[in-house]
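*Asks:* What follows is a structure written as structure tokens; I'll ask about it next.
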Amino acid sequence: MEAATDRPLVVPVFLEVPLPPSSPADIYASLRDGPGFLLESLEGSEKIARYSFICTAPTAMIAVAPDGALTVSGDPCIREVAAGIEAEDPVDAVRQFMERFRVVPSTLPRFSGGLAGYFSYDLVSSIYPVRCVEETTDPVARFMLAQDCLALDHRRGRLEVIENLLLTDESDLEEEYLRALTAIKNRITGLCHLPPSSPVEAFSAGAVTSSCTREEFSNAVLRIKEHIAAGDIFQAVLSRRLACQFEGEPFGVYRRLREKNPAPYTYFLDFGDLVVAGSSPEMLLRVEDGRVTTVPIAGTRPRGRTEAEDDQLAAELLADEKERAEHVMLVDLARNDIGAVSAYGSVSVT
Numbered sequence: 035m036e037a038a039t040d041r042p043l044v045v046p047v048f049l050e051v052p053l054p055p056s057s058p059a060d061i062y063a064s065l066r067d068g069p070g071f072l073l074e075s076l077e078g079s080e081k082i083a084r085y086s087f088i089c090t091a092p093t094a095m096i097a098v099a100p101d102g103a104l105t106v107s108g109d110p111c112i113r114e115v116a117a118g119i120e121a122e123d124p125v126d127a128v129r130q131f132m133e134r135f136r137v138v139p140s141t142l143p144r145f146s147g148g149l150a151g152y153f154s155y156d157l158v159s160s161i162y163p164v165r166c167v168e169e170t171t172d173p174v175a176r177f178m179l180a181q182d183c184l185a186l187d188h189r190r191g192r193l194e195v196i197e198n199l200l201l202t203d204e205s206d207l208e209e210e211y212l213r214a215l216t217a218i219k220n221r222i223t224g225l226c227h228l229p230p231s232s233p234v235e236a237f238s239a240g241a242v243t244s245s246c247t248r249e250e251f252s253n254a255v256l257r258i259k260e261h262i263a264a265g266d267i268f269q270a271v272l273s274r275r276l277a278c279q280f281e282g283e284p285f286g287v288y289r290r291l292r293e294k295n296p297a298p299y300t301y302f303l304d305f306g307d308l309v310v311a312g313s314s315p316e317m318l319l320r321v322e323d324g325r326v327t328t329v330p331i332a333g334t335r336p337r338g339r340t341e342a343e344d345d346q347l348a349a350e351l352l353a354d355e356k357e358r359a360e361h362v363m364l365v366d367l368a369r370n371d372i373g374a375v376s377a378y379g380s381v382s383v384t
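Sequential numbering of the sequence shown, starting at 35, is according to our numbering.
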């Protein structure tokens with residue numbers, strides 16, 4: 035291992051052990067003690083649902099304002115690394131932050147530490163000349179920095195326990211390595227003595243209120259159709275906000291969600307003062323080895339009770355003119371967006 039002279043060097047140290055019999059959700063629930071995240075794959079092909087990832091002790095928290103101002107809390111070393119970042123927009127702020135590090139290549143899964151979090155819908159007004167109806171001063175991006183994490187390989191039944199060293203010219207390499215190895219062994223010992231699965235955490239939700247009435251929503255649909263007919267727009271995502279009073283443990287909501295709607299992409303992000311949870315069958319976007327991939331999904335049907343019913347429902351989707359038109363539109367929009375950031379002539383639809 036050789037320390038960086040200009041940027042901190044990130045060196046992964048890891049041990050592989052058999053995967054515990056507990057589910058990723060149970061492992062996360064047993065280990066969590068504050069902010070952290072769970073990225074869980076519950077069903078799907080090996081290509082999209084092979085791994086789950088857990089971090090229960092993020093090193094730092096990163097928040098980005100609409101103007102690109104970046105705030106880092108947590109580890110003083112990370113705050114020092116991020117000092118002096120002046121960004122044009124929130125995306126540029128995150129990019130500059132990540133460029134402050136050098137990472138040693140490894141054979142670990144595609145996520146072995148780094149940032150996990152979200153960009154909000156309000157980000158659009160920071161990078162495109164459009165005005166949000168509701169101006170906000172809240173962060174448009176929040177991320178947790180994971181220096182250590184668990185990578186669960188469901189296909190192989192193996193677990194990677196990972197500690198990432200952050201090395202500078204002043205680092206004592208042997209001391210840092212031994213510290214990481216001790217932390218890994220302590221984590222493995224804890225994983226060998228996980229408590230039994232606990233019941234779903236209790237929670238309650240009050241009456242749901244909507245940000246608009248049914249009439250207001252219907253009128254908005256009519257206005258959108260007029261804009262489409264006039265050639266002003268191709269597509270609009272019309273939405274409303276549903277809110278309710280909530281009491282209890284947010285992770286209980288996630289557990290209920292994963293039971294009712296298992297998917298390749300389920301997630302629970304606990305920032306301490308804010309929790310984001312969800313479940314999706316769709317990978318929005320992947321950037322890996324300089325290649326961008328998106329897989330738009332349009333149209334849904336309930337699952338059949340038998341394989342024959344599933345086949346029938348799939349045939350209905352393929353024959354549905356509206357669903358096919360929506361899918362073509364989504365693919366076309368995705369192709370245009372990816373083309374704007376890709377080498378000319380390199381975008382293809384498969």
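From the three backbone atoms N, C-alpha and C, an ideal C-beta is built for every residue, glycine too.
Per DSSP, proline 52 forms a beta bridge with which residues?
*Replies:* Translated into the one-based positions of the sequence shown, residue 52 becomes position 18. Partner(s): Arg192.
*Asks:* Tell me leucine 325's beta-bridge partners as DSSP assigns them.
*Replies:* Position 291 of the sequence shown, counting from 1, holds the residue named residue 325. In the sequence as displayed, the identity of residue 325 is arginine instead of leucine. Paired residues: Glu322.
*Asks:* Only counting the same chain, and skipping five residues up and downstream in sequence, which positions put a Cβ closer than 8 Å to that of alanine 217?
*Replies:* Numbered from its first residue, the sequence shown carries residue 217 at position 183. Hits under 8 Å: Asp182, Glu197.
*Asks:* Let me check understanding here. Comparing Cα to Cα, which of Ala117, Ser56, Gln269, Arg290 lies closest to methionine 34?
*Replies:* The structure shown does not extend to residue 34, since the chain is modelled only from 35 to 384, so the question has no answer here.
*Asks:* Three or more C-beta pairs under 8 Å: does that hold for the region 235-243 against the region 274-281?
*Replies:* yes
*Asks:* Glutamate 322 to tyrosine 378, Cα distance in whole Å?
*Replies:* Reading the sequence shown from its first residue, position 288 is the one you call residue 322. Reading the sequence shown from its first residue, position 344 is the one you call residue 378. Distance between the alpha carbons of glutamate 322 and tyrosine 378: 18 Å.
*Asks:* From the DSSP output, read off the bridge partner residues of valine 98.
*Replies:* Translated into the one-based positions of the sequence shown, residue 98 becomes position 64. Looking at the DSSP assignment, valine 98 forms a beta bridge with Leu104, Ala175.
*Asks:* Would you mind working out which of Glu77, Val98, Leu256, Pro110 sits nearest valine 128, comparing C-alpha positions?
*Replies:* On the sequence shown, position 94 is the one that residue 128 refers to. Closest option to valine 128, Cα to Cα, is Val98.
*Asks:* Using C-beta distances below 6 Å, list every residue in its chain close to leucine 225, excluding the 5 sequence neighbours before and after it, in chain order.
*Replies:* Against the sequence shown, residue 225 aligns to sequence position 191. Pro54.
*Asks:* Considering Cα atoms alone, identify which of Gly151, Arg190, Pro100, Val47 is closest to arginine 165.
*Replies:* In the sequence shown, counting from the first residue as 1, residue 165 sits at position 131. The candidate whose alpha carbon is nearest that of arginine 165 is Pro100.
*Asks:* Taking the alpha-carbon positions, what's the valine 47 to isoleucine 61 distance?
*Replies:* Numbered from 1 along the sequence shown, position 13 holds the residue referred to as residue 47. Numbered from 1 along the sequence shown, position 27 holds the residue referred to as residue 61. Valine 47 and isoleucine 61: Cα-Cα distance of roughly 21 Å.
*Asks:* Exposed or buried, aspartate 304, counting other C-beta atoms within 10 Å across all chains shown (16 or more means buried)?
*Replies:* Your numbering for residue 304 matches position 270 in the sequence shown. So aspartate 304 ends up on the buried side.
*Asks:* Since I believe arginine 113 is in contact with arginine 41 (beta carbons under 8 Å), could you give me their beta-carbon distance rounded to a whole number of angstroms?
*Replies:* Position 7 of the sequence shown, counting from 1, holds the residue named residue 41. Position 79 of the sequence shown, counting from 1, holds the residue named residue 113. No, arginine 41 and arginine 113 are not in contact; Cβ-Cβ is about 15 Å, not under 8 Å.
*Asks:* Beta carbon of serine 75, beta carbon of proline 298: below 7 Å?
*Replies:* Taking the sequence shown and counting its residues from 1, the one referred to as residue 75 is at position 41. Taking the sequence shown and counting its residues from 1, the one referred to as residue 298 is at position 264. Going by C-beta atoms, serine 75 is nearer than 7 Å to proline 298.
*Asks:* Quick one: Cα of arginine 301 to Cα of leucine 73, how far?
*Replies:* Working through the sequence shown from its first residue, we reach residue 301 at position 267. Working through the sequence shown from its first residue, we reach residue 73 at position 39. With the sequence shown as reference, residue 301 is identified as tyrosine, and arginine is not the correct amino acid for it. Whole-angstrom Cα-Cα distance: 5 Å.
*Asks:* On the DSSP bridge list, what partners appear for leucine 367?
*Replies:* Counting from 1 along the sequence shown, the entry for residue 367 is found at position 333. DSSP lists no partner for leucine 367.
*Asks:* Counting along the chain, where does the alpha helix (DSSP H) carrying threonine 223 start and finish?
*Replies:* Residue mapping note: residue 223 aligns to position 189 of the sequence shown, counting from 1. Start and end: 207-225.
*Asks:* Would you identify the three-state DSSP class for proline 110, choosing helix, strand or coil?
*Replies:* On the sequence shown, position 76 is the one that residue 110 refers to. Three-state DSSP puts proline 110 in a helix.
*Asks:* Any idea which residues DSSP pairs valine 44 with across the strands?
*Replies:* Within the sequence shown, the letter at position 10 stands for residue 44. Paired residue(s): Val137, Leu200.
*Asks:* Check glutamate 260 in the structure and name its three-state DSSP category.
*Replies:* Sequence index remark: in the sequence shown, residue 260 carries index 226 (1-based). For glutamate 260, the secondary structure class from DSSP, reduced to helix, strand or coil, is helix.
*Asks:* Using only alpha-carbon positions, find the residue among Ala59, Ile96, Arg136 that is nearest to isoleucine 119.
*Replies:* As a first step, residue 119 is located in the sequence shown; it is residue number 85 there, counting from the start. For the residues Ala59, Ile96, Arg136, the minimum Cα distance to isoleucine 119 belongs to Ile96.
*Asks:* Around the Cβ of valine 44, are there at least 16 other Cβ atoms within 10 angstroms (buried) or fewer (exposed)?
*Replies:* To locate residue 44, count along the sequence shown from 1; it is residue 10. Result: buried.
*Asks:* To the nearest angstrom, how far is it from the Cα of glutamate 210 to the Cα of proline 92?
*Replies:* On the sequence shown, position 176 is the one that residue 210 refers to. On the sequence shown, position 58 is the one that residue 92 refers to. About 18 Å.
*Asks:* Identify the residues that DSSP records as bridge partners of serine 314: which are they?
*Replies:* Along the sequence shown, one-based indexing puts residue 314 at 280. Bridge partners of serine 314: Tyr299.
*Asks:* Alpha carbon to alpha carbon, how far is serine 273 from lysine 443? Give it in angstroms, no decimals.
*Replies:* The structure shown does not extend to residue 443, since the chain is modelled only from 35 to 384, so the question has no answer here.
*Asks:* If proline 336 and valine 309 are in contact, beta carbons under 8 Å, what's the gap, nearest whole angstrom?
*Replies:* The sequence position of residue 336 within the sequence shown is 302, counting from 1. The sequence position of residue 309 within the sequence shown is 275, counting from 1. About 28 Å separates the two Cβ atoms, so there is no contact after all.
*Asks:* If I measure Cβ to Cβ from alanine 38 and keep anything under 6 Å in the same chain, skipping five residues before and after, which residues do I get?
*Replies:* Here residue 38 corresponds to residue number 4 of the sequence shown, with the count starting at 1. In this prediction, alanine 38 scores a pLDDT of 47, lower than 50, which makes its location untrustworthy; the coordinate-derived value is nonetheless stated afterwards. Closer than 6 Å at the Cβ level, and outside the excluded window around alanine 38, lie Arg136.
*Asks:* Does the distance from the CB of arginine 176 to the CB of glycine 151 come in under 7 Å?
*Replies:* Locating residue 176 in the sequence shown gives position 142, counting from the first residue. Locating residue 151 in the sequence shown gives position 117, counting from the first residue. Yes. Within cutoff.
*Asks:* Rounded to a whole number of angstroms, what is the C-alpha to C-alpha distance between leucine 184 and glutamate 194?
*Replies:* Walking along the sequence shown from the start, residue 184 turns up at place 150. Walking along the sequence shown from the start, residue 194 turns up at place 160. The straight-line gap from Cα to Cα measures roughly 6 Å.
*Asks:* I think proline 52 touches arginine 192, with their Cβ atoms under 8 Å apart; what is that distance to the nearest whole Å?
*Replies:* Residue mapping note: residue 52 aligns to position 18 of the sequence shown, counting from 1. Residue mapping note: residue 192 aligns to position 158 of the sequence shown, counting from 1. Under the criterion of beta carbons closer than 8 Å, proline 52 and arginine 192 qualify as touching, at roughly 7 Å.
*Asks:* Of the residues Thr105, Glu341, Pro110, which one's Cα is nearest the Cα of alanine 121?
*Replies:* If you number the sequence shown from 1, residue 121 lands on position 87. When each option's Cα is compared against that of alanine 121, the closest is Thr105.
*Asks:* How many angstroms separate the CA atom of aspartate 123 from the CA atom of threonine 170?
*Replies:* Against the sequence shown, residue 123 aligns to sequence position 89. Against the sequence shown, residue 170 aligns to sequence position 136. When rounded, the distance between both Cα atoms is 15 Å.
*Asks:* Rounded to a whole number of angstroms, what is the C-alpha to C-alpha distance between tyrosine 85 and glutamate 360?
*Replies:* For this step, residue 85 is matched to residue 51 along the sequence shown. For this step, residue 360 is matched to residue 326 along the sequence shown. Computed Cα separation, rounded: 30 Å.
*Asks:* To which residues of the same chain is alanine 332 closer than 7 Å at the C-beta, ignoring the five residues directly before and after it?
*Replies:* On the sequence shown, position 298 is the one that residue 332 refers to. Contacts found: Glu357, Glu360, His361, Leu364.
*Asks:* With a 10 Å radius around its C-beta and 16 neighbouring C-beta atoms as the bar for buried, classify cysteine 111 as buried or exposed.
*Replies:* Along the sequence shown, one-based indexing puts residue 111 at 77. Counting Cβ neighbours within 10 Å, cysteine 111 comes out exposed, since fewer than 16 surround it.
*Asks:* Just the Cα atoms here: how many angstroms apart are aspartate 109 and leucine 200?
*Replies:* Along the sequence shown, read from residue 1 onward, the residue named residue 109 stands at position 75. Along the sequence shown, read from residue 1 onward, the residue named residue 200 stands at position 166. For aspartate 109 and leucine 200, the distance between alpha carbons rounds to 12 Å.
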